[in-house]
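First to last, the protein sequences are chains A and B. 132 is the number that the numbering used here gives to position 132 of the first sequence; each next residue is one higher, with no gaps. If you want the numbering used here, it's the position in the second sequence, counting the first as 1, plus 1000. Let me begin by presenting the structure, written as structure tokens, before commenting on it.
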Amino acid sequence: MRFLLDAEQRDFARSLDAMLTAAGTPDVVRSWAAGDTGPGRALWNRLAEAGVFALGIPERYDGLGALPVELGLAFVELGRHAVPGPLAETVAAAALLDRLGDATTAAAWLPGIAAGKVVASVCLLSPDSPYALDADAADAVFVVEGDTLRLAEAHGPVQRSLDPARRPARPLGGTVLARGPAVAAAAAHAAEVAALTTAAQALGLGRALLDRTVEHVRTRRQFGVAIGSFQAVRHRLADTLIALEFTQPLLLAAALAMERGDAGCGREVAAAKVCACEAAYAAARSALQLHGALGYTEEPDLSLWIRKARALRTSWGTPSACRGRVLAP
Amino acid sequence: MDLDFSAADDAFRAEARAWLAGHLPGAPLPSLETAEGFAAHRDWERTLFADRWSVVSWPEEYGGRGASLLRWLIFEEEYYAAGAPGRVSQNGINLLAPTLFEHGTPEQCARVLPPMASGEVIWAQAWSEPESGSDLASLRSTAVRSEGGWRVSGQKTWSSRAAFADRAFGLFRSDPDADQPHHGLTYLMFPLDAEGVTVRPIGRLDGKPAFAEIFLDEVFVPDADVIGEPGQGWRVAMSTAGNERGLTLRSPGRFTAAADRLTALWHSAADPSDTALRDRVADAVIGARAYQLFAYAAASRLAAGGSIGAESSLNKVFWSELDIALHETALDLLGPYGDLADDADEAPAHGGWTEGYVFSLAGPIYAGTNEIQRDIIAERLLGLPKGRR
Chain A
1 MRFLLDAEQR DFARSLDAML TAAGTPDVVR SWAAGDTGPG RALWNRLAEA GVFALGIPER
61 YDGLGALPVE LGLAFVELGR HAVPGPLAET VAAAALLDRL GDATTAAAWL PGIAAGKVVA
121 SVCLLSPDSP YALDADAADA VFVVEGDTLR LAEAHGPVQR SLDPARRPAR PLGGTVLARG
181 PAVAAAAAHA AEVAALTTAA QALGLGRALL DRTVEHVRTR RQFGVAIGSF QAVRHRLADT
241 LIALEFTQPL LLAAALAMER GDAGCGREVA AAKVCACEAA YAAARSALQL HGALGYTEEP
301 DLSLWIRKAR ALRTSWGTPS ACRGRVLAP
Chain B
1001 MDLDFSAADD AFRAEARAWL AGHLPGAPLP SLETAEGFAA HRDWERTLFA DRWSVVSWPE
1061 EYGGRGASLL RWLIFEEEYY AAGAPGRVSQ NGINLLAPTL FEHGTPEQCA RVLPPMASGE
1121 VIWAQAWSEP ESGSDLASLR STAVRSEGGW RVSGQKTWSS RAAFADRAFG LFRSDPDADQ
1181 PHHGLTYLMF PLDAEGVTVR PIGRLDGKPA FAEIFLDEVF VPDADVIGEP GQGWRVAMST
1241 AGNERGLTLR SPGRFTAAAD RLTALWHSAA DPSDTALRDR VADAVIGARA YQLFAYAAAS
1301 RLAAGGSIGA ESSLNKVFWS ELDIALHETA LDLLGPYGDL ADDADEAPAH GGWTEGYVFS
1361 LAGPIYAGTN EIQRDIIAER LLGLPKGRR
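Pasting the structure below:
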């Protein structure tokens, strides 16, 4: 056993982090929220050049093969920088189309997704899941309803989200791409990929929130001292770190279970999802509280991270649904 | 990166499992915190030792198997999954032994470690004093130079199972003029039946005499029983403090086994529509799995030449809070039987939860309170400024 990232994996994550730091994502997020997807698409292309969207796609469709661990690492960095767009949805759509086993459909879409030319969204339609994220910005919106896969032809009005960088809308109409039991099986796999990558984003988001808050409490002075010297502040941040540190191994184990095609993969993914999203949400609450009134304002970049933490929590598996899955026989 | 056990690891696991299946006591032993239970657990230590299962990670010369951290984790998983008894030697094995391995002389190791491994000598810790809990460095018990050794006086307290143990180890103030409180301390070992030692049991929250206070009146301790240099006791004690807080004190195997038992209890006893309770069971399962994986990562890091430092404080807070939450959930699941002591006539047959619950309540307190751990995390892992405690 070597439950440890290798040098190549660490370098990959580090280089993405450096690229996203240099890109300055807060402006991209604000543009995306305002409906200007140009900067977001430019960043999307750079992520594709770095290989992010090729990670789940087989080599015969211009991908890098199924690499869930690397996919998880990449999405931690996307979350750390609050990158906007249907990220989990695009890789979930790719997983869906690949798992379907229909070479024509796969060949039609997967090379474009791998190259970053196709931004996809996906909706596994149910009463708990009526929306496709960023349907207005996506080049293709895939909808699974029961055992039918459709390519949506339109979408309803974009709903304002608490996280303005998220633009959910109801997918409408469309042509049938596939029908049958393979669709349901592929959709189940896609849901796991979406949950895994959402968990990874939450972990990165939580780490960024913690880092920013640590920086703030070291420099913010009240009563003549740095507020980070107060025990109530220190202990809250210690708890935030503990929750994040115990999330990472769950995330990596879930990715490994997916890589091996383990029967228990769904449980591992659900555990990682609930743990990551609880940790990230708690980190957001701590960030808000310890930044004080400053944290409650929209203008600082911090607000972009705080609001995303809330949205990821219920995206691709509510905490309750995930906990139920952990105990499923 | 992988989570795969080698064939040799699997063989080790199978060997441990088979041995446990063939040697486990037929019925649960009486509580470790009673005289009768203490004696029964001491016998069990002897059985473990006879086949080299009492201290698998120690070198062979002291009765171990030289097992890696990963192998030890495997052993612990099997041990607790089998429902094997609690370890009465844990204070010696987890606290004193690592200190001896790092600071003891060859003579001390050869004299102290084998009887510790066999249960022939069971050790108690003598750290806390009535006025020195978290602020351990303020301790007042003294060691005064004497011909060939030291004369030790003072009062130690909250010493687990000292009422039944054979020997104790702890810190004493040997230089009252040292410039700082944690300077001038000496780490030494002494028999609990020596002349001048009085041990008085203290009832734990559930009344069991799990604690004791130790009064010392000019007790003679020979130089051979000083660990490290006189005056360097704080450094000697703290160099292995992470062992107590970290993995080796409360292995993940305890929690994965307990979470499995909790899940079984939930399946058999729970109202399926009670999702609030279900969520707590799920959190216990997730927490135990997270701790197990965290430990696999630590074992992998050690095997690759890395080390474990202040992150043992993350462990301590995590497992101690997990342990309480897990047992609280079990007691809630048991409903009207949840508050019955394990030895009550009508206690559930799959018992042990009440004793486990009472034991778990001490977790955030011993081995450095969780408040102290959070301070360590804040300063050493987050880089926050020092503050008032």
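All C-beta atoms in this analysis are idealised placements derived from N, C-alpha and C, irrespective of residue type, glycine included. Values in this document were obtained by computation on a predicted structure and should not be read as measured data.
Whole-Å CB distance - residue i paired with residue j, under 8 Å assumed
i: B/L1192; j: B/G1233; result: About 19 Å; that fails the 8 Å criterion.
i: B/L1073; j: B/G1309; result: Wrong, their Cβ atoms sit about 19 Å apart, outside the cutoff.
i: B/F1318; j: A/F246; result: 6 Å
i: A/L209; j: A/A309; result: 7 Å
i: B/I1286; j: A/A271; result: 5 Å
Segment limits, alpha helix (DSSP H) that includes residue i
i: B/G1309; result: Segment: none, B/G1309 is in no alpha helix (DSSP H) and carries neither H nor E.
i: A/G72; result: 68-80
i: A/F142; result: That residue, A/F142, is in no alpha helix (DSSP H); its beta strand (DSSP E) goes 140-145.
i: B/T1354; result: 1353-1361
i: B/Q1232; result: Where B/Q1232 is concerned, there is no enclosing alpha helix (DSSP H), given that its DSSP letter is neither H nor E.
Pick from the options that is closest to residue i, judged by C-alpha positions
i: B/F1255; options: B/D1223, B/Y1080, B/F1169; result: B/Y1080
i: B/D1206; options: B/D1166, B/E1379, B/D1343, B/K1156; result: B/D1343
i: B/E1218; options: B/W1158, B/W1150, B/T1240, B/F1211; result: B/W1150
i: B/D1043; options: B/L1136, B/P1085, B/M1189, B/R1374; result: B/P1085
i: B/L1381; options: A/L244, A/L252, A/E259; result: A/L244
i: A/G264; options: A/A226, A/R325, A/P319; result: A/R325
i: B/P1028; options: B/A1035, B/H1041, B/R1017; result: B/H1041
i: B/R1052; options: B/T1105, B/A1117, B/R1111, B/E1076; result: B/A1117
i: A/L5; options: B/F1359, B/N1370, B/A1297; result: B/A1297
i: B/R1250; options: B/P1114, B/D1339, B/A1367; result: B/A1367
i: A/A140; options: A/S161, A/T105, A/P164; result: A/T105
i: A/E89; options: A/A287, A/A195, A/G72, A/E153; result: A/A195
i: B/P1025; options: B/E1045, B/S1006, B/L1139, B/A1259; result: B/E1045
i: A/A330; options: A/H216, A/R150, A/D128; result: It is not possible to answer for residue 330 of chain A, since the shown part of chain A is limited to 1 through 329.
i: B/L1390; options: B/H1327, B/V1152, B/L1048, B/D1177; result: No statement about residue 1390 of chain B is possible, as the shown extent of chain B runs from 1001 to 1389 and does not include it.
i: B/A1162; options: B/F1190, B/S1273, B/E1355, B/V1236; result: B/F1190
i: B/H1023; options: B/F1005, B/T1047, B/A1035; result: B/T1047
i: A/A188; options: A/F75, A/D147, A/E70; result: A/D147
i: B/G1154; options: B/S1134, B/G1148, B/T1198; result: B/T1198
i: B/E1131; options: B/G1387, B/A1282, B/F1169, B/W1158; result: B/W1158
i: B/R1145; options: B/F1220, B/A1330, B/R1111; result: B/F1220
Alpha-carbon to alpha-carbon, residue j and residue i
i: A/I113; j: A/A186; result: 17 Å
i: B/E1311; j: B/A1284; result: 21 Å
i: B/S1141; j: B/E1229; result: 18 Å
i: A/R285; j: A/T297; result: 14 Å
i: A/A93; j: B/A1325; result: 39 Å
i: A/L96; j: A/G261; result: 15 Å
i: A/L256; j: B/P1222; result: 55 Å
i: A/P331; j: A/D163; result: Any question about residue 331 of chain A goes unanswered here, given that chain A covers just 1 to 329.
i: A/S315; j: A/L302; result: 20 Å
i: A/D134; j: A/P86; result: 6 Å
i: A/G292; j: B/A1378; result: 20 Å
i: A/R221; j: A/L290; result: 12 Å
Residue i classed as buried or exposed, judged by whether at least 16 other C-beta atoms fall within 10 angstroms
i: B/P1336; result: exposed
i: A/R10; result: exposed
i: A/Q159; result: exposed
i: B/S1031; result: buried
i: A/F3; result: buried
i: B/Q1292; result: buried
i: A/K273; result: buried
i: A/G63; result: buried
i: A/F230; result: buried
i: B/M1238; result: exposed
i: A/R14; result: exposed
i: A/A191; result: buried
i: B/H1267; result: exposed
N-terminal and C-terminal residue of the beta strand (DSSP E) that residue i is part of
i: A/V122; result: 120-124
i: B/Y1187; result: 1185-1191
i: B/W1123; result: 1123-1126
i: B/I1202; result: 1197-1202
i: B/E1147; result: From DSSP, B/E1147 is part of no beta strand (DSSP E); its letter is neither H nor E.
i: A/T148; result: 148-151
i: B/D1339; result: No beta strand (DSSP E) contains B/D1339, which DSSP labels as neither H nor E.
i: A/T175; result: 175-179
i: B/A1168; result: 1167-1173
i: B/D1217; result: 1211-1222
7 Å Cβ cut-off: residues of chain E touching residue i
i: B/G1387; result: Checking the listed chains, one finds no chain E in this structure; the protein chains it contains are A and B.
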